[in-house]
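Reviewing the structure listed below.
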Amino acid sequence: MSTEQAQPVRSIKLAAFFDILPLSIAVIPWGILCGSLAIQVGLSPLQSQLMSLLVFAGAAQLSALTLTGASAGIATILGSTAVISSRHLLYSATFRSHAMGLPLHHKMLMAFLLTDEMFAVTENKRKELGYFPLYYALISGATFYAIWNLSTLAGIVAGTSIPNLESLGLEFAIAATFIAMVVPNIQSSPVLVAVLVSACCAVLFHKLEVPNDLLLSALVGMVVGYCLDKESD
Amino acid sequence: MSYDLIFLMALITFFMRYAFFMEKLPIKLDMRVQRFLSFTAPCILTAMAAPIIFGEVTFNTHDLINPFLLGGILAIVLSLLVKNTLIVVLASMGAFFLLKTML
Chain V
2 MSTEQAQPVR SIKLAAFFDI LPLSIAVIPW GILCGSLAIQ VGLSPLQSQL
52 MSLLVFAGAA QLSALTLTGA SAGIATILGS TAVISSRHLL YSATFRSHAM
102 GLPLHHKMLM AFLLTDEMFA VTENKRKELG YFPLYYALIS GATFYAIWNL
152 STLAGIVAGT SIPNLESLGL EFAIAATFIA MVVPNIQSSP VLVAVLVSAC
202 CAVLFHKLEV PNDLLLSALV GMVVGYCLDK ESD
Chain S
26 MSYDLIFLMA LITFFMRYAF FMEKLPIKLD MRVQRFLSFT APCILTAMAA
76 PIIFGEVTFN THDLINPFLL GGILAIVLSL LVKNTLIVVL ASMGAFFLLK
126 TML
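Next up, the structure:
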């Protein structure tokens, strides 16, 4: 490979790191919370870290820990894990055509690292470049993985001395990063309408406590956006 | 919580992420499906953020002292003005915590 070709590859790897950095920073408090909560509900330090190392899904981990704290059964915990992580099926489907034909270890690694954050930055980059950047996906995913696990470790070390979650408003950090990912990429009216519909449905379904509200409101927006997109042809 | 439970959880989350990477899966995602799926990122991220920002909207003066709503609107406006994600995130988080302690 000539240096002219190597340069863009290196800059893509750097971009992967710096693009996921703000999203990683926003989850640091959540990682700390995950580690601390795990210790509080009785997991050993090793188990607490293993959860972040293997499960690697913040919302599912926090829900499982809260359920464990409430002495819920195994079926309830696994059920909640499945429901919460079901949105990843959509990410997996979106990346299917890019994963086809890749070596097994790349596919498995890409799947393992496929979080909301990795998906968001990689989708943005893919639309910007016009092709699927595999190394961008893997590096942004790995960066996020490292920061998630280090912040979990910090939480384990801090143990039970972490104040409670609601009073801090940590969820705002997540919302702010997602807004910063979505808003600049609304470049057509179908996407704008799709996003508005998803937002309205999400608030409404959340208020009405509709089960699986997240996936449902995303899908309604996607269908509306797709129909408008077809019409505009 | 047992080690088994952690491994089972890991299996579930990995399956959800790997499911559509299976070559054997008898599903052909044609251009129409691809186009539908191109809405995944904006819609699902919005569906996660919206209840946090707009979940407690009351349509009365209470909204004027809601740090989630005000911080969220600031994040939206900043995202339109600045292309740098880090600046948007840090500035709106700073404003959020400031509002939270002030209001």
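Taken in order, these protein sequences are the chains called V and S.
The numbers in the numbering used here rise by one with no breaks, and the one at position 159 of the first sequence is 160.
The numbers in the numbering used here rise by one with no breaks, and the one at position 75 of the second sequence is 100.
Beta carbons are placed, not taken as given, at the ideal position from N, Cα and C, and that holds for glycine.
None of these values were measured; they are calculated from a predicted model.
Practice problem: Could you check the C-alpha separation between V:W31 and V:L154 for me, to the nearest Å? | Solution: For this step, residue 31 of chain V is matched to residue 30 along the first sequence. For this step, residue 154 of chain V is matched to residue 153 along the first sequence. Taking the straight line joining both Cα atoms gives about 12 Å.
Practice problem: Note the first and the last residue of the continuous alpha helix (DSSP H) segment covering V:D117. | Solution: Taking the first residue of the first sequence as 1, we reach residue 117 of chain V at position 116. Boundaries of the alpha helix (DSSP H) around V:D117: D117 to L130.
Quiz item: Going along the chain, which residues of its own chain have a beta-carbon closer than 8 Å to the beta-carbon of V:T4, five neighbours each way excluded?
Solution: Within the first sequence, numbered from 1, the residue matching residue 4 of chain V stands at position 3. Here the model assigns V:T4 a pLDDT of 43, short of 50, so the residue's position is not dependable and the matter cannot be decided.
Exercise. For the alpha helix (DSSP H) holding V:D214, just list the boundary residues, first then last.
Key: Sequence index remark: in the first sequence, residue 214 of chain V carries index 213 (1-based). Residues D214 to E232.
Self-check item: S:P51: first and last residue of the uninterrupted alpha helix (DSSP H) it sits in
Solution: Locating residue 51 of chain S in the second sequence gives position 26, counting from the first residue. From DSSP, S:P51 is part of no alpha helix (DSSP H); its letter is neither H nor E.
Quiz item: Can the beta-carbon of S:V38 be found less than 8 Å from the beta-carbon of V:Y92?
Solution: What you label residue 38 of chain S is simply residue 13 of the second sequence in a count that begins at 1. What you label residue 92 of chain V is simply residue 91 of the first sequence in a count that begins at 1. According to the sequence as given, residue 38 of chain S is Thr; it is not Val. The answer is no: Cβ separation not under 8 Å.
Quiz item: Hey, how far is the Cα of S:Q59 from the Cα of V:S72?
Solution: Looking up residue 59 of chain S in the second sequence gives position 34. Looking up residue 72 of chain V in the first sequence gives position 71. One C-alpha to the other measures close to 42 Å.
Practice problem: Answer with yes or no whether the minimum CB distance from V:A76 to chain S is below 8 Å. | Solution: Locating residue 76 of chain V in the first sequence gives position 75, where the first residue counts as 1. Cβ-Cβ to chain S under 8 Å: no for V:A76.
Quiz item: Quick one: is V:S237 near chain S, going by C-beta distance under 8 Å?
Solution: In this structure chain V extends from 2 to 234, so residue 237 of chain V is not present and cannot be described.
Exercise. Starting from S:M127, find everything on chain V with Cβ-Cβ shorter than 9 Å and list it in chain order.
Key: Numbered from 1 along the second sequence, position 102 holds the residue referred to as residue 127 of chain S. Those do not exist, as S:M127 stays about 13 Å from chain V at its closest Cβ, beyond 9 Å.
Practice problem: Taking C-beta pairs closer than 7 Å, name the residues in chain S that V:I56 reaches, listed in chain order. | Solution: One-based indexing of the first sequence puts residue 56 of chain V at position 55. Note that residue 56 of chain V is Val in the sequence shown here, rather than Ile. Under the 7 Å cutoff, chain S gives I31, M34, A35 and T38.
Exercise. Kindly list, in the order they appear in chain S, the residues whose Cβ is closer than 9 Å to that of V:K108.
Key: Counting from 1 along the first sequence, the entry for residue 108 of chain V is found at position 107. Within chain S, the residues near V:K108 are Y43, F46, M47 and E48.
Quiz item: In its own chain, which residues sit with a C-beta less than 6 Å from the C-beta of S:K125, not counting the 5 before and 5 after it?
Solution: The sequence position of residue 125 of chain S within the second sequence is 100, counting from 1. Only P92 meet the Cβ criterion.
Quiz item: Using a C-beta cutoff of 8 Å, does S:L89 count as contacting chain V?
Solution: Along the second sequence, one-based indexing puts residue 89 of chain S at 64. It does not; no Cβ of chain V falls within 8 Å.
Quiz item: Which chain S residues are close to V:Q48, counting only those with a beta carbon under 7 Å from its beta carbon?
Solution: Along the first sequence, one-based indexing puts residue 48 of chain V at 47. Under the 7 Å cutoff, chain S gives M26, Y28 and I31.
Exercise. Output yes or no for whether 8 Å exceeds the beta carbon distance between V:A65 and S:Y43.
Key: Stepping through the first sequence from its first residue, residue 65 of chain V is reached at position 64. Stepping through the second sequence from its first residue, residue 43 of chain S is reached at position 18. No, Cβ-Cβ distance for V:A65 and S:Y43 is not below 8 Å.
Exercise. Could you tell me whether any non-hydrogen atom of the ligand GDP is closer than 7 Å to the CB of S:C68?
Key: No copy of the ligand GDP appears in this structure; indeed no ligand is present at all.
Quiz prompt | V:S189 versus V:L169, V:Y227, V:P134 and V:L215, residue with shortest Cα-Cα distance | solution = Counting from 1 along the first sequence, the entry for residue 189 of chain V is found at position 188. Comparing Cα positions, the closest option is V:Y227.
Exercise. Please work out which residues of its chain come closer than 6 Å, Cβ to Cβ, to V:A219, disregarding the five sequence neighbours upstream and downstream, and give them in chain order.
Key: Residue numbering aside, residue 219 of chain V sits at position 218 when the first sequence is read from its first letter. If we look at V:A219 and ignore the five residues flanking it on each side, its Cβ neighbours are S199.
Quiz prompt | Runs of beta strand (DSSP E) wholly within the stretch 152-181 of chain V (minimum 3 residues, chain order) | solution = none
Self-check item: C-beta contact flag for V:V1 and V:S141 at 8 Å
Solution: Past the boundaries of the shown model lies residue 1 of chain V; chain V is included only from 2 to 234, so the question cannot be answered.
Quiz item: If you check the beta carbons only, do S:A100 and S:V113 fall under 8 Å apart?
Solution: Residue mapping note: residue 100 of chain S aligns to position 75 of the second sequence, counting from 1. Residue mapping note: residue 113 of chain S aligns to position 88 of the second sequence, counting from 1. In this structure, S:V113 lies closer than 8 Å to S:A100 by Cβ.
Exercise. Could you work out which residues of chain B lie near S:L54, taking near to mean beta carbons separated by less than 8 Å?
Key: Included in the structure are the protein chains V and S, with no chain B among them.
Quiz item: Starting from V:T82 and walking both ways along the alpha helix (DSSP H), at which residues does that stretch end?
Solution: Taking the first sequence and counting its residues from 1, one reaches residue 82 of chain V at position 81. Segment I75 to S86, the alpha helix (DSSP H) holding V:T82.
Exercise. Please list the residues of the stretch 65-99 of chain S that have a C-beta atom closer than 8 Å to any C-beta atom in chain V, keeping them in chain order.
Key: T65, A66, P67, C68, I69, L70, T71, A72, M73, A74, A75, P76, I77, I78, F79, G80, V82, P92, F93, G96 and G97
Quiz item: So does the stretch 130-144 of chain V actually touch the stretch 36-54 of chain V, counting three or more Cβ pairs closer than 8 Å?
Solution: no
Quiz item: Using DSSP with H/G/I as helix, E/B as strand and the rest coil, what is S:T83?
Solution: Taking the second sequence and counting its residues from 1, the one referred to as residue 83 of chain S is at position 58. The three-state secondary structure of S:T83, taken from DSSP, is coil.
Quiz item: Can a CB atom of chain S be found closer than 8 Å to the CB of V:F120?
Solution: Numbered from its first residue, the first sequence carries residue 120 of chain V at position 119. Answer yes: the Cβ-Cβ gap between V:F120 and chain S drops below 8 Å somewhere.
Self-check item: Neighbourhood of V:Q6 by C-beta distance below 8 Å, restricted to the same chain and skipping five residues each side
Solution: In the first sequence, counting from the first residue as 1, residue 6 of chain V sits at position 5. At V:Q6 the pLDDT is 48, less than 50, meaning the model places this residue with poor confidence; the figure from the coordinates comes in the next sentence. Closer than 8 Å at Cβ, skipping near neighbours: no residue.
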